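Residue numbers (this note's numbering): 394 to 1144.
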C-alpha cells in the first residue's frame, strides 16, 4: 500500500469536530449481557462471544430492543408509500415462520428420548427434563434429538404456509394499568406500551407477581429490573429469589443471541449467572427449563472428542453396560432453536426432493455450462444435478451467480437472484429483467415472482447472494418457502462479517460439507482487489497503487483522525479522483467514542450540510441510515419534514417516518460501521482506524471495511501494528450454533 499524508494534498482547516461521546466499541455497545457471557466463557475456558460488531450495530435501531432480529430490508422501504409498513411486514413474516414451526412440531411422531450417561449437573438437568415429561413437574417443551433418531426430511411433508394473523394491538386500559405499575416501581412510564405488547394479556398482573418479567422488554437491564423489583416487593426482594434467577437465564440467552449465538454451553451460562449475583446458577437454569422458558439439548460429541471411546479401544463384553458417547449440554431459547430445526429440515427437503433429471435435461444444462468459462461453468454443472449448492467468492464472483440465473432462465426455469440490499441487487448486472430482488422483498411479495397456489415461492432456482448475512430466522423463512424440486444456491464471501442476527448459516453449511461447494476463481481486480485478497488469508500486503487507489493517512490522536477524515471526504478525494463527497463513504469501528459514527457524522454534517437541525437534528439534504428492522440498514437522504414526521428518500422511494420513531430508526450516515456497510459498495471509502479501536479489530472487520471500495480506499491509520496483527491473528470469533450438527444428521456428508 502507498503511504501518503493528506496534508500534502490539502492544508488543514481550523474547523473543530464535535465530539464528547463516551467510547463505545462495537463489541460491547449497549449489550451488557453479551459481554457478561463472553467474560464468563473466558473463565470457563470456552469462547462463545459473537462477532465484535453485532451488538454495537443495534444502536442504529434505537435501544437494545433492536437486537430482537429481523428480516426487513430495502424492499420493505419500497412498500412504505402505499402498502404495509416495514414493521408490519416484519411481524407478519415472523408469525408465518413460527406458525409453520408449530405445525411441524405437532406433526412429529412424539417425544424422542435423549440418552447419554451423564454425571453431575448434566445428569441432574436431564433428570429434570424427564421429570417434566413424566408429569412430575409442569409441562415444558424441552427436547433433545440425536440426529440418528430423526426421520429423514424426505418423509416429512412440507407444511402448508399459514396465513399471518393480525397482531393484537394493546388495549388502552391494558397500557394504562401497566403504566400505573411501572410508575409504582420507579420505571419509565414510556415502557408501558412495549411491556404490554411483549407480556401480552394480563401484563400488569404479571409484573406485580414477578417484577423481573420487565427484563423481557427490550432495553431493560438487570440493574433496572432489580430496582423495579425492590420498589414493588420491598423486603421480599432478594438476590436468591428464584424468579430473578429464571428471568436472568432467559435474558442472558437473549443477549447471547444479540452476539450471534443460538445456544450456549452450560458452563458459560452459569458463570454469567454467578457474575449477576445468582447464588445457585444450577437451580436457576433448571427452573427456567422446567418452566418451559429455556430449552435444553444434548449434542453427542465426535468420536475423537475428549472422553469419547477411541476407535482402537478394546471391545466390551456382552454383559457390560454399553459406553455412550459424551454429550455436550446446551441451552437455548425456543425462538432460535426451532428456527434452526426448521431450517435443517427445509434444507434436507431441498437436497432430497430434486427430481433426478435424465437425457435432454442434463444435456441442456451441459450446453449452458459450455457457453461460459471457468468456475461459472463449474457452478452451472453443480446446480444441474444437486438441489443445494454453496458458492464462495468475492465481488467478482457475483458475475458467476448472474450467469447461472441467466442460463437457468434460458432453459425455461423460473430463476431469481436475491441480494442482501438494494445496492447488492443493482450489482447483479447480466441477470434477466425482474430476476434480481432483495431477500426481504422476495419474502414479503413486494419483489419477485410471488407465490403459487400452495403458498410456496413460484421458483425453480433461487440464488441467494450475500449468504453470510443470512441469520437463522431469515434463512428458515426463505428455505421453508421453496417448493419441492426447487434448487437453492447460497453464494457469498465467507470472509465478510457475519449476520447481525443469531446464527452463522453459511459458515455452518460450509463446515457440514453436505453439498457441492464451488469456489470462484475469478479474482477481484486492481490494487484494492489485491489488498483484500491477501487479507482473506491473513496477510496485509504492500500493493502497487500507481493511481493512488489505496492511500494510507497516518494520524496521532482522535482529533487529527476526525480532521483528516473530513478533509479527505470534502476536499482531497473529490479533487484527486473526481468522486463527489456524496459517493464517498466513511466506515469506522463504533458508534460512540471520539472517532465513532456520532462524532464523525457531526463533523461531516458541519462541513458538508450545515444547518440548525430543526427536524429532530436533521436538515434537508442530510445523508441518513434508516433501520426498518434490526440488522438492516437503508441509506438515503432527508428530503423534508411535515407534521407527521421526517420525509426520507431511499432507493428512489419517498416515505415518511413517524415523528416518535425518528430517534429510534434514523441516524446520520456520512459515517457508518462496517456491519451497516455490508452488502453496499461505494466509489470511494475512507476507513477510519483510531488508536482506541485496536482491541476491536478483526480480520472480517478489516476485510469488510476495505472491500466496500470500488475505485479508491483511504485508510486513516492510528493503530500502528494492531492492523497487521488483527489481519493475521484475529479471525471471526466463534458463535455457538447447532445447525451444522442438525444438517449432518439429515443429509449424508460428502467427501
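Backbone N, C-alpha and C define an ideal beta-carbon position, used for all residues, glycine too. All values reported here derive from a predicted model rather than from experimental measurement.
Bridge partners - residue i, DSSP secondary structure assignment
| i | result |
| --- | --- |
| residue 1077 | 977 and 1105 |
| residue 1048 | 1041 |
| residue 658 | 723 |
| residue 928 | Partner(s): none; residue 928 has no beta bridge. |
| residue 1033 | 1040 |
| residue 1066 | 981 |
| residue 691 | 722 |
| residue 911 | 784 |
| residue 831 | 812 |
| residue 947 | 1110 |
| residue 885 | 785 |
| residue 856 | 810 and 882 |
| residue 1017 | 1029 and 1061 |
| residue 844 | 850 |
Among the options, the one whose alpha carbon lies nearest that of residue i
| i | options | result |
| --- | --- | --- |
| residue 980 | 679, 597, 1009 and 1018 | 1018 |
| residue 883 | 745, 848, 901 and 877 | 901 |
| residue 931 | 677, 675, 1095 and 606 | 1095 |
| residue 1021 | 1117, 665, 896 and 834 | 834 |
| residue 1137 | 613, 905, 999 and 1041 | 905 |
| residue 962 | 1089, 802, 1077 and 951 | 1077 |
| residue 593 | 583, 609 and 582 | 609 |
| residue 1072 | 885, 1139 and 989 | 885 |
| residue 643 | 918, 632, 615 and 633 | 615 |
| residue 847 | 771, 861 and 874 | 874 |
| residue 1123 | 599, 1045, 933 and 725 | 933 |
| residue 1062 | 1036, 1030 and 1085 | 1030 |
| residue 855 | 623, 782, 1041 and 663 | 782 |
| residue 1075 | 1013, 1060, 936 and 966 | 966 |
| residue 1035 | 672, 1008 and 946 | 1008 |
| residue 923 | 1042, 586 and 1103 | 1103 |
| residue 774 | 758, 927 and 942 | 758 |
| residue 584 | 572, 565 and 786 | 572 |
| residue 807 | 816, 676 and 828 | 828 |
| residue 737 | 985, 691, 990 and 870 | 870 |
CB-CB length for residue i against residue j, believed under 8 Å
| i | j | result |
| --- | --- | --- |
| residue 1080 | residue 1108 | 5 Å |
| residue 929 | residue 767 | Not quite, the Cβ-Cβ distance comes to about 19 Å (not below 8 Å), so this is no contact. |
| residue 641 | residue 669 | 5 Å |
Distance CB(residue i)-CB(residue j) smaller than 9 Å
| i | j | result |
| --- | --- | --- |
| residue 898 | residue 1105 | no |
| residue 872 | residue 1100 | no |
| residue 723 | residue 1129 | yes |
| residue 656 | residue 729 | yes |
| residue 686 | residue 639 | yes |
| residue 792 | residue 822 | yes |
| residue 845 | residue 825 | no |
| residue 852 | residue 841 | yes |
| residue 894 | residue 733 | no |
| residue 780 | residue 746 | yes |
| residue 606 | residue 784 | no |
| residue 892 | residue 653 | yes |
| residue 604 | residue 576 | no |
| residue 880 | residue 678 | no |
| residue 865 | residue 1132 | yes |
| residue 917 | residue 788 | yes |
| residue 1026 | residue 997 | no |
| residue 763 | residue 769 | no |
| residue 681 | residue 720 | no |
| residue 620 | residue 578 | yes |
Same chain, Cβ closer than 8 Å to residue i, five either side skipped, listed in chain order
| i | result |
| --- | --- |
| residue 1142 | 905, 906 and 907 |
| residue 601 | 574 and 625 |
| residue 567 | 589, 594, 596 and 597 |
| residue 830 | 468, 809, 810, 811, 812, 818, 840 and 841 |
| residue 1098 | 980, 1067, 1070, 1078 and 1080 |
| residue 820 | 788, 791, 812 and 1074 |
Sequence-distant residues of its chain with Cβ nearer than 6 Å to residue i (five each side left out)
| i | result |
| --- | --- |
| residue 1083 | 951, 954, 988 and 1111 |
| residue 1092 | 1120, 1123 and 1124 |
| residue 1049 | 1037, 1038 and 1040 |
Cutoff 7 Å; reference residue i; Cβ partners in own chain excluding five residues on either side
| i | result |
| --- | --- |
| residue 634 | none |
| residue 1115 | 1087 and 1090 |
| residue 1002 | 1012, 1014 and 1015 |
| residue 582 | 572, 575 and 576 |
| residue 936 | 394, 920, 923, 924 and 943 |
| residue 435 | At residue 435, the pLDDT of 45 sits below 50, so the modelled position is not reliable; the number obtained from the coordinates is stated separately. Same-chain partners within the cutoff: there are none. |
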